[in-house]
Ligand SMILES: Nc1ncnc2c1ncn2[C@@H]1O[C@H](COP(=O)(O)OP(=O)(O)OP(=O)(O)O)[C@@H](O)[C@H]1O
Ligand SMILES: [Mg+2]
């Protein structure tokens, strides 16, 4: 077996709070192969965002190791792109300048012109052509989220970390963005981790769904999703999808403590 | 654009007419309340003094305010970035700000006797740096963590994050505070000018009007002060438009 691109080995982490240490992750193991796209679901507050911050090198785990592309993560690295539920665009910059922001930090081989062309291309890919010179305040929530996605991709990151990027959007806009994600994935090779609360989103976008237990989180369940390239929304209504959703829903109930735990299992 | 100028001018004219009528109807003598028609002769008689004194007041206010901006932003940065420093400095700052500056003026005047320019600038600075420090520190400490994380996850330094995100994001709050600070600095300058003996500036001119019982002169100084205050304020507004215009929502 080839080495996974993202490899989280036995990570345990606790936050120091006023009322003592709060254990958040407990001996967590996650690995994502190169080009894979893993969705992480779990009860609210179980430590999903913490996991993304560890992968991005924004925090160090108490124990355990995070490896990216065969290298131990010790701090932030420019091969990571991030997008959050809050698009955090800079209001004083145009959309194009917002997308270009990472290239002002990360060393790049692209000339100014090439960088701009790439930004324009990404914006076109997500359907934002014609909005390059607009300010973020002139865009709708879904459009801002698309711009934020372009910014996360502009420096061609190896790893794309998405923390509930579509969580604040209405259902139709969200489905739009799911399809855009498939388009992006085809053109821009990346290895992805998607945090989400939406089980339909997880099986539509990811090739593996990881269910975390309640806090402190460990891997409770893993579900491989058969994925053969881009798909359309019809896919959400197939019997196979319905079956996967039922399994995941059951697992979430276990994680929330609302259903009795069975002997832990990993479906392949 | 026309409306933006015409409406305030009309408002001022109506105000002056109302004032004139009030004095005229009540038959108030000059020493009780000067009327607008007395002001122009008073101004014209001392016009050279008005210009030199006005200039003194203006530059000392601006220098004091400039100092307040530099020091206020510095303190704001320290408090905005460090929890410890915020806890340490906040009570000190609030206490310092709570002292009425009218009580500090004579102290400063005695401490640095004769250093009139220095005293005035010092008071203008002391009275106006507080809102700037507070607004900058609040702006920086309330920056959503995601804003920091998008740059930090790429390996950006704290300084880069400050210049690219934290500082510009704080500009609207900064200018809000600067509008308050400019008025305060102006008050500070005049306090000092009125109190210190043989002073200069419009405050001193006011004081000499008082000594000579020249009431129209006193009122003319007040109008000149109002005029300077308006000019200073709108300079700040113009700067805000240039540097933080993006924060203005178009009315829809
Ligand atoms: N900086 C911090 N200091 C102390 N506790 C924290 C900190 N960040 C998060 N926590 C706590 O750690 C737990 C996990 O937080 P985290 O944000 O990783 O959860 P999450 O799974 O992303 O939640 P959600 O689904 O609501 O986004 C929460 O209980 C939270 O209150
Ligand atoms: Mg979260």
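Residue numbers (this note's numbering), protein chains in the order written: chain G, 122 to 389; chain V, 1248 to 1499. Beta carbons are placed, not taken as given, at the ideal position from N, Cα and C, and that holds for glycine. Since we're looking at a predicted model, the values are computed, not measured.
Q: Note down, in chain order, each residue of its chain lying with its Cβ closer than 6 Å to the Cβ of residue 1451 of chain V, except the 5 sequence neighbours on either side.
A: 1440
**Q.** Min CB distance residue 1402 of chain V to chain G below 9 Å
**A.** The Cβ of residue 1402 of chain V sits closer than 9 Å to at least one Cβ of chain G.
Q: Quick one: list the residues of chain V neighbouring residue 203 of chain G, beta-carbon separation under 9 Å, in chain order.
A: 1393, 1396, 1397, 1400, 1401
Q. If you count every other CB in all the chains shown that lies within 10 Å of the CB of residue 136 of chain G, and 16 or more means buried, which is it?
A. exposed
Q | Beta-carbon proximity list for residue 133 of chain G, same chain, < 7 Å, skipping 5 on both sides | A | 146, 147, 148, 182, 183, 184, 185
**Q.** Option nearest residue 1290 of chain V by Cα separation, candidates V:1334, V:1453, V:1421
**A.** V:1453
(Q) Taking 8 Å as the cut-off, is the C-beta of residue 170 of chain G nearer than that to any heavy atom in ligand 4? (A) For the structure depicted, ligand 4 is absent and the ligand set comprises only ligand 1 and ligand 2.
(Q) Which residues does DSSP list as the beta-bridge partners of residue 129 of chain G? (A) The partner list for residue 129 of chain G (beta bridge, DSSP) reads G:151, G:187.
Q: Name the residue from G:334, G:361, G:263 whose alpha carbon lies nearest to the alpha carbon of residue 345 of chain G.
A: G:361
Q.
Please list, in chain order, the residues of the region 264 to 291 of chain G that have any C-beta partner in chain V closer than 7 Å.
A. Flagged: no residues at all.
Q: Could you round the C-beta distance between residue 179 of chain G and residue 208 of chain G to whole angstroms and report it? I think they count as a contact, below 8 Å.
A: That belief does not hold up - the Cβ atoms of residue 179 of chain G and residue 208 of chain G are roughly 18 Å apart, past 8 Å.
Q: With DSSP collapsed to three states, give me the class of residue 197 of chain G.
A: If DSSP states are grouped into helix, strand and coil, residue 197 of chain G belongs with coil.
Q) Any beta-carbon of chain G closer than 9 Å to the one on residue 1266 of chain V? A) no
**Q.** Simplified DSSP assignment, three categories, for residue 294 of chain G
**A.** helix
Q.
Pairs of beta-carbons, one from the region 1320 to 1331 of chain V and one from the region 1372 to 1390 of chain V, closer than 8 Å: are there three or more?
A. Taking a cut-off of 8 Å on C-beta distances, the region 1320 to 1331 of chain V touches the region 1372 to 1390 of chain V, as three or more cross pairs fall below it.
Q.
Comparing C-alpha positions only, which one of G:212, G:220, G:249 sits nearest to residue 236 of chain G?
A. G:220
**Q.** Distance, residue 306 of chain G Cα to residue 300 of chain G Cα
**A.** 10 Å
Q.
Which residue wins for smallest C-alpha separation from residue 1268 of chain V, given the options V:1277, V:1278, V:1282, V:1412?
A. If we check each option's Cα against that of residue 1268 of chain V, V:1282 comes out closest.
Q) Hey, how far is the Cα of residue 1259 of chain V from the Cα of residue 1347 of chain V? A) Distance between the alpha carbons of residue 1259 of chain V and residue 1347 of chain V: 32 Å.
Q: Check each residue of the region 1363 to 1390 of chain V: if its Cβ is closer than 8 Å to any Cβ of chain G, include it; give the result in chain order.
A: none
Q. Is residue 165 of chain G near ligand 1, going by C-beta to nearest heavy atom under 8 Å?
A. Yes, ligand 1 has a heavy atom inside 8 Å of this Cβ.
Q.
At a threshold of 8 Å, does residue 319 of chain G count as lining ligand 2 (C-beta to nearest heavy atom)?
A. no
**Q.** Interface partners of residue 256 of chain G on chain V, CB under 9 Å
**A.** 1493
Q: Return the residue from the list G:328, G:128, G:124, G:167 that minimises the CA-CA distance to residue 160 of chain G.
A: G:328
Q: Give a yes or no on whether 9 Å exceeds the smallest Cβ distance from residue 1417 of chain V to chain G.
A: Residue-level contact check: residue 1417 of chain V does not touch chain G, since none of the beta carbons of chain G fall below 9 Å from its beta carbon.
Q. Alpha carbon to alpha carbon, what distance is there between residue 163 of chain G and residue 129 of chain G?
A. 17 Å
**Q.** Within-9 Å CB hit, residue 388 of chain G to chain V
**A.** Only weak support is given to the placement of residue 388 of chain G: the predicted model assigns it a pLDDT of 48, under 50, and the value that follows is read from those uncertain coordinates. No, its Cβ sits nowhere closer than 9 Å to a Cβ of chain V.
**Q.** Residues bridged to residue 121 of chain G (per DSSP)
**A.** This structure does not reach residue 121 of chain G, given that chain G is present from 122 up to 389, and the question cannot be answered.
Q. For residue 226 of chain G, does the three-state DSSP call read helix, strand or coil?
A. coil
Q: Within the region 319 to 376 of chain G, note down every full alpha helix (DSSP H) run reaching 4 residues or more, in order along the chain.
A: 320 to 326, 360 to 376
Q) Is the Cβ of residue 1488 of chain V closer than 9 Å to any Cβ of chain G? A) Put simply, the CB of residue 1488 of chain V is far from chain G, with every gap to its CB atoms at 9 Å or more.
Q: Consider the Cβ of residue 1411 of chain V: report whether some Cβ of chain G lies at a distance smaller than 9 Å.
A: Chain G contact via Cβ: present.
**Q.** Residues of its chain near residue 322 of chain G, where Cβ-Cβ distance is below 8 Å and the 5 sequence neighbours each way are ignored
**A.** 160, 287, 295, 299, 315
(Q) Using DSSP's beta-bridge definition, name the partner residues of residue 192 of chain G. (A) G:189
Q: State yes or no: is the C-beta of residue 268 of chain G within less than 9 Å of the C-beta of residue 226 of chain G?
A: Residue 268 of chain G is not a Cβ neighbour of residue 226 of chain G, given a cutoff of 9 Å.
Q. Is there at least one non-hydrogen atom of ligand 1 closer than 8 Å to the beta-carbon of residue 145 of chain G?
A. Checking the 8 Å criterion, the Cβ of residue 145 of chain G is within range of a heavy atom belonging to ligand 1.
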